[in-house]
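Engineer: Counting in this note's numbering, the sequence shown tops out at residue 491, every number present.
Where a beta carbon is used, it is the ideal one built from N, C-alpha and C, also for glycine.
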Amino acid sequence: KGHGAFLDCVQYLTHESEKCQKEGKTLYEDSEVIANFDWRKELNEREENRAKYGGDLSKKDRMLWDVLYDGKTLKECREEDKLLYMNNLDKLKKYRLEYISSHMEVPKNRINIYICGGGGVGKDVASKAIARCLYPEITSDEDLFFELGCDNVSYEGCDAQPVNILSDYRAYTLLDAFKGRENLFKVFDSHPHNSRVNVKFSSIKPVNAVNIVNSVEPKDKFLNGLAGEYKDKSGNIRKAEDKAQSYRRFPIIFELEEDTITIYVNQYFINKSADATDFKVLKKIKGNFGKIRKAFGNNEEKARFFENKLLSGFAELVQEIMKNEPQKTDEELEEMFKDYGEEIIEEPQKEEPKKEVKKIGLDDWVIAYTGKGESFNIEFDECFIPLEYNSPEKRKEIYEKFVAEKNRKEEAEKKKALEEEKKKSVIQGKDLLDWFDGFGTKKEDDFDKIFGNSEEDFFG
């Protein structure tokens, strides 16, 4: 009775257990046991399992253990036991994601590719063809890429494939699916961190090296939309960010049309521009991925041949982009950061004197200027001149009127300043006279009080 009791009885037949041998029982050869199954194989497997798992586990629990702790893939589980896989699929998917997030490392670099175009131009077919082009050594699509549609952002069923294909995702659906820009930018980080991102009903640590996104949204609208203002699920308005944040996450863009394919490369990634929004056309070629698949049907070899023809040189381009990512030694890194932490003493900056902008208005135009006399500058940004004055004759007339009016105003200001100065001088003179007058009176009073009319006291 109980789990493993039958194999215990089988094992007893040969008296090979440690207990039987201690009791001095006779050890029998395997050949003396008659059975209609390979009992020795099952006994050996049980001993191996006890050593590995620390006890007798059921076949189901052994499979779950292997997935959660040893990294067994979903594909391996299915191939090992289809029925067991089918009956435990939900748990297996959950445990596989947990293993990926807990034990697998993210790649050093991640590359993101955007494919845009109208319906029927083969965006999904192109996404898969690009994945195959980048990893020709992986012959099985199941091992190569994992597809996320708009209704599946939980990564359920992901088996740590090197490529993730996000099919039919516009900018706003990506922001919604990944619960905002912060999460989304982690997924598309070209230097990914070893951390989880929140997705539908759970969290996941993406370990893929390539993201391929496709949608009908034009490239600029898509990239601007990722960095633009949006409303989250709680109704909060999230302000737009610098659009370079999204542009520098996508080094390559494919633009598919009916019979042409245009490949754009972000010049920032190949060290040809400091501007992360600077895309240039690498090449424009004739072709349609969708038509290739439709024409060759099940002839996989022919279809892949012509797909690879369209992607000639693409794998080398990706390698070039990856090589431009700096790979430094520990010594170089230490040299790079040796002065980090040192205090920066900044010199106090002198404040620029504010320039006084003056304006002269005559009729329906206004001219702004700074300075005076012969040294003046027109402040064009603050001027207003109607279009009917935009002719050489009118401009000359305006300029002459402006100079005359400016000189008149400056003369008036100078005259006013002189009058103010003269007024101050008159007041100061009156105050001084009053002060002297008071001083003389006071001294006379003091003389009378001290000496009276005594000449003797005075001269004494």
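1. By a C-beta neighbour count over all protein chains shown, 10 Å radius and 16 as the cutoff for buried, is glutamate 338 buried or exposed?
2. Straight-line CA distance for aspartate 290 to valine 152?
3. Who are the Cβ neighbours of serine 132 in its own chain at under 8 Å, not counting the five residues just before and after it?
4. Does the beta-carbon of serine 343 have 16 or more other beta-carbons within 10 angstroms, so that it is buried, or is it exposed?
5. Any contact of the stretch 313–324 with the stretch 109–120, i.e. 3+ C-beta pairs under 8 Å?
6. Taking lysine 256 as part of the alpha helix (DSSP H), name the residues at either end of that continuous run.
7. Which residues in the same chain as valine 230 place their Cβ atom closer than 7 Å to its Cβ, once the five residues preceding and following it in sequence are excluded?
8. Does DSSP put glycine 392 in a helix, a strand or coil?
9. Indicate the three-state DSSP secondary structure (helix, strand or coil) for alanine 399 in the structure shown.
10. Please go through the same chain and pick out, in chain order, the residues whose beta-carbon is closer than 6 Å to the beta-carbon of glycine 188, but skip the five residues on each side of it.
11. Determine the closest residue to asparagine 438 out of Gly150, Gly404, His134 and Leu105, with distance taken between C-alpha atoms.
12. Suppose the cutoff is 7 Å on Cβ atoms and the five residues either side in sequence are ignored; what does the same chain contact list for aspartate 69 look like?
13. Confirm, please, whether the CB-CB distance from valine 244 to tyrosine 200 is below 7 Å.
14. Is the beta carbon of arginine 280 less than 7 Å from the beta carbon of proline 223?
15. Span of the alpha helix (DSSP H) holding lysine 340?
16. What is the DSSP secondary structure of glycine 491, reduced to helix, strand or coil?
17. Where in the stretch 80–130 do unbroken runs of the alpha helix (DSSP H), each at least 4 residues long, occur, reported from the N-terminal end onward?
18. Suppose you measure from the CA of methionine 135 to the CA of valine 238; what does that come to, to the nearest Å?
19. What's the gap between the Cα of leucine 313 and the Cα of isoleucine 161?
20. Please return the same chain residues whose Cβ sits closer than 6 Å to the Cβ of serine 62, not counting the five positions on each side in sequence.
Structural biologist: Result, derived from the coordinates:
1. buried
2. 8 Å
3. Arg227, Ser234, Ile235 and Lys236
4. exposed
5. no
6. Per the sequence shown, residue 256 should be read as glycine rather than lysine. Element bounds for glycine 256: 250–258.
7. Val184, Ser185, Tyr186 and Phe209
8. strand
9. strand
10. Lys124
11. Gly404
12. none
13. yes
14. no
15. Boundaries of the alpha helix (DSSP H) harbouring lysine 340: 331–341, taken from the DSSP string.
16. Confidence in glycine 491 is poor, its pLDDT being 45 and thus under 50, which makes the residue's placement unreliable; the coordinate value appears in the next sentence. DSSP places glycine 491 in coil when its eight states are reduced to three.
17. 90–101, 105–111 and 113–118
18. 7 Å
19. 16 Å
20. none
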